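K.L.:
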Amino acid sequence: MVDDWRMDRIGSALRGENPAVLRRLNAGFAAIGDVQFLPGYSVLLVDDPRVERLSDLPRDKRLAFLSDMDRLGEAVERASRHMDAAFRRVNLEILGNTDGFLHAHVWPRFEWEPADLVGMPVWLYPRDRWTDKQFALGPQHDPLRKAIGDELDRLRSTDRQECEAGRDSVISQVASASSLTV
């Protein structure tokens, strides 16, 4: 069945069978959301299906998950700003009230949203936004998928360069200090 991956989102991501996955990150998977009534909606899935809450992770993995959430949020922000001049901000949420595994929601918000909803949580949108086929993820979202994926790649590259620069600075400082000792 085509939608079997939805029954095991993390397992299917680990097997490379989840079509919503955009990129593998340090502690999870960046995935584009099933619904796109707010274009760019994405989800960070933890990479262990047994993890139900953030506090289930050891501290280093917890920090890696939060860093991944930040990276996905920034990628969605950059892609949304580029694709829609009415982009306002990104909302980040870890709720866990429906699905029994750790995940984070990344919601772009826009000026064109209805006035009575733009300042409210996304969950207050009418039920039809979640179920109407016109808002379902599909091939029309491929440019958005690519834009978010490209931004994730750029951010990973930037993080790597900053890490290397920091390492080089530490090595230089250690070398300088070593040459001063008698």
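The sequence shown begins at 431 in the working numbering and counts up one residue at a time.
Backbone N, C-alpha and C define an ideal beta-carbon position, used for all residues, glycine too.
The model shown is predicted, which means the values in this text are computed figures rather than measured ones.
1) Can you pull the DSSP bridge partners for GLU523?
2) If I measure Cβ to Cβ from ARG453 and keep anything under 7 Å in the same chain, skipping five residues before and after, which residues do I get?
3) Under the three-state reduction of DSSP, which class applies to MET431: helix, strand or coil?
4) Less than 8 Å separating the beta-carbons of VAL616 and TRP542?
5) Could you give the first and the last residue of the continuous alpha helix (DSSP H) run that contains ARG508?
6) Check whether the region 482 to 496 and the region 439 to 446 are in contact - that is, three or more C-beta pairs closer than 8 Å.
7) Helix, strand or coil, according to DSSP, for PHE565 in the structure here?
8) Just mark PRO551 as buried or exposed, buried being the case when its beta carbon has 16 or more other beta carbons within 10 Å.
P.N.:
Short version:
1) Here residue 523 corresponds to residue number 93 of the sequence shown, with the count starting at 1. HIS535, per the DSSP bridge assignment.
2) On the sequence shown, position 23 is the one that residue 453 refers to. Same-chain partners within the cutoff: ALA460, GLY579 and LEU582.
3) The count along the sequence shown starts at 1 and reaches residue 431 at position 1. Residue confidence for MET431 is low, a pLDDT of 41 falling below 50, so the modelled location carries little weight and cannot support an answer.
4) This structure cannot settle anything about residue 616, because the visible part of the chain is limited to 431 through 612.
5) Counting from one through the sequence shown, the residue named residue 508 turns up at place 78. First-last of the alpha helix (DSSP H) with ARG508: 489 to 513.
6) no
7) Along the sequence shown, one-based indexing puts residue 565 at 135. DSSP places PHE565 in helix when its eight states are reduced to three.
8) Position 121 of the sequence shown, counted from the first residue, corresponds to residue 551. Exposed.
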